[in-house]
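The sequence shown begins at 352 in our numbering and counts up one residue at a time. Below is one structure; the comments refer to it alone.
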Amino acid sequence: MSSSEPIQSHPVGAALVVGGGVGGMQAALDLARGGIKVYLAERGPAIGGVMAQLDKTFPTNDCAMCTLAPRLVEIGRHKDIELLTLSEVERVDGQPGNFTVSIKKQPRFVDATKCTGCGACTVECPVTLPSEFDLGLGKRKAIYRPFPQAVPNISAITRRGISPCEAGCPIHQSGQGYVTLIAQGRFEQALQVILRDNPIPLICGRVCTHPCTTTCTRTHVDDPVNLSALKRFITDHCPDYKLPQPTVPERREKIAIIGSGPAGLLCAYQLRQKGYGTTIFEALPVAGGMMAVGIPSFQLPRILLNVEMDRLRAVGIEILLETPVGGSIKFEELRKSYAAVFVAIGAHVERKLGVPGENLPGVTGGVEFLRRANLRGPAAPGRRVLVVGGGYSALDAARDSRKIFPGNSESAFHVSADGDENRRVALAQFFERDAEAHRRLQQYLDPYRAQPVQLGVQ
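What follows is the structure, given as structure tokens:
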């Protein structure tokens, strides 16, 4: 400032104090008492710094918290001091009197407008971590306040990214959440965690392809955590559970969903929880999509599938069967009558081999064969069946054909892995496990007991 410029008689502007220790706190108080708007930035969830961790101060041997507490209270109440916790300065631009500061603020994962600091969540939290406030000598919960007198008096949650199982799950379910609760014997709470994201755990516990196991870091030690089996255990332990009813006011908007497979059901469930009215249009005479017509009943009993559909109807989801869009109702009609349309028609059209003769009588696609078997009952393709392929549809089709003529039919697999080593290993392991199941699990033996299945892997 040059000598010719007038000196301001009153403080103006705002000040940023970086660091919420005792020095930063005192600086913020001094500036605020002078009438300056103060922003106090602290990278932790609460101010106080190292002094809050001390028992006594040197050289007076005074109580550290007794010295710090009055400043904490005054800062928390001062109208000219705004706290920026979980914040770090990334960049400073400008000049004296006119700085622009870029601050990166981490999420607290707690609604600050609702948290009262009562600590009830800390008691219920199942996750225990080393306490940074106690320098790792003590323990704290994943949701916590650093110390009882913390300012702001709001809990924070430690979340270290997304777990591999949650990232690998198509619906991003919190696998680590219900696994922790199951380990502590809190089965009812584990079920509620599952139902937050997944309305059909009874089904997923039996036929889920569990991509979460592929990304599970437990494989670096031994075997992945079997989340599907844990879902099945929970639903078997609590067989009479109900889906949570919507807790928000009903909305006027109605949503149309085409297809009642897993995607359509999950979409309808999540929308219902947000208060939307949902109607599912299903072309088939049964609800469930490929779960109903693409999976044999010995893998997914139909009584369990129907129970899950009834639970979804109980929360207000309407399912219209034998109502193909484009037939009995036009797509344009849906767009006019509903606020939005979600298309979840599934993958009912199978791939063709592209070879001469694949359209001859007696040559049937695996998906079509399973659909006929599930809708009309077993159809006899012949006493000798060749199944081309080695995926789940091929295995299910072979098992269904073996059940038609138990003891007399033969099934041969020709599997093309296309040079995929993981594919070949997975198929070999599948049949090794099935051979072991010969001796242990009767319900899974029927397709293979009469005559052994021949597997040729190229």
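Idealized CB from N, CA, C, for every residue including glycine. For clarity, every value in this text was computed on a predicted model and none was experimentally measured.
Asked	Found
Bridge partners - residue 691, DSSP secondary structure assignment	606
Closest Cα partner of residue 595 within the set 478, 623, 487	623
Integer Cβ distance of residue 436 from residue 396, believed to fall under 8 Å	6 Å
Member of 749, 455, 502 whose CA lies at the smallest distance from the CA of residue 467	502
Assigned secondary structure, residue 759 (DSSP; H/G/I helix, E/B strand, else coil)	Caution is warranted here: a pLDDT of 47 is assigned to residue 759, below 50, making its placement in the model unreliable, and the coordinate value is therefore given only provisionally. Coil, per DSSP.
Residues near residue 641 by beta carbon distance below 6 Å, same chain, minus five either side	612, 697
Neighbourhood of residue 481 by C-beta, 6 Å cutoff - its chain only, sequence neighbours within 5 removed	487
DSSP state of residue 535 mapped onto helix, strand, coil	coil
Uninterrupted beta strand (DSSP E) stretches inside the region 643-678 (no shorter than 3 residues)	669-671
Which of helix, strand or coil DSSP assigns to residue 563	helix
Contact set for residue 375: own chain, Cβ-Cβ below 8 Å, skip 5 residues either direction	368, 369, 391, 393, 398, 400
Range of the contiguous beta strand (DSSP E) that encloses residue 445	438-446
Cβ contact (3+ pairs, closer than 8 Å) linking the region 669-678 and the region 736-745	no
Cβ-Cβ distance between residue 548 and residue 525 below 8 Å	yes
N-terminal and C-terminal residue of the alpha helix (DSSP H) that residue 345 is part of	Limits of the chain in this structure are 352 at one end and 809 at the other, which puts residue 345 out of reach.
Of the residues 428, 402, 430, the one placed nearest residue 417, counting alpha carbons only	402
Of the residues 412, 431, 593, the one placed nearest residue 365, counting alpha carbons only	431
CB-CB length for residue 422 against residue 380, believed under 8 Å	7 Å
Neighbour-count burial assignment, residue 449, 16 or more Cβ in a 10 Å radius	exposed
Beta carbon of residue 619 nearer than 8 Å to that of residue 629	yes
Alpha carbon of residue 477 to alpha carbon of residue 428, nearest angstrom	33 Å
Separation of residue 444 from residue 509, as counted between CA atoms	31 Å
First and last residue of the uninterrupted beta strand (DSSP E) at residue 454	449-456
Coil, strand or helix - residue 383 by DSSP	helix
Cβ-based burial, residue 507 [other Cβ within 10 Å; buried from 16]	buried
Chain-order list of residues whose beta-carbon lies under 8 Å from that of residue 792 (same chain, five-residue window excluded)	The pLDDT assigned to residue 792 is 34, lower than 50, so where the model puts this residue is not dependable, and the model offers no usable value.
Segment contact, 8 Å Cβ cut-off, at least three pairs: the region 569-583 with the region 673-693	no
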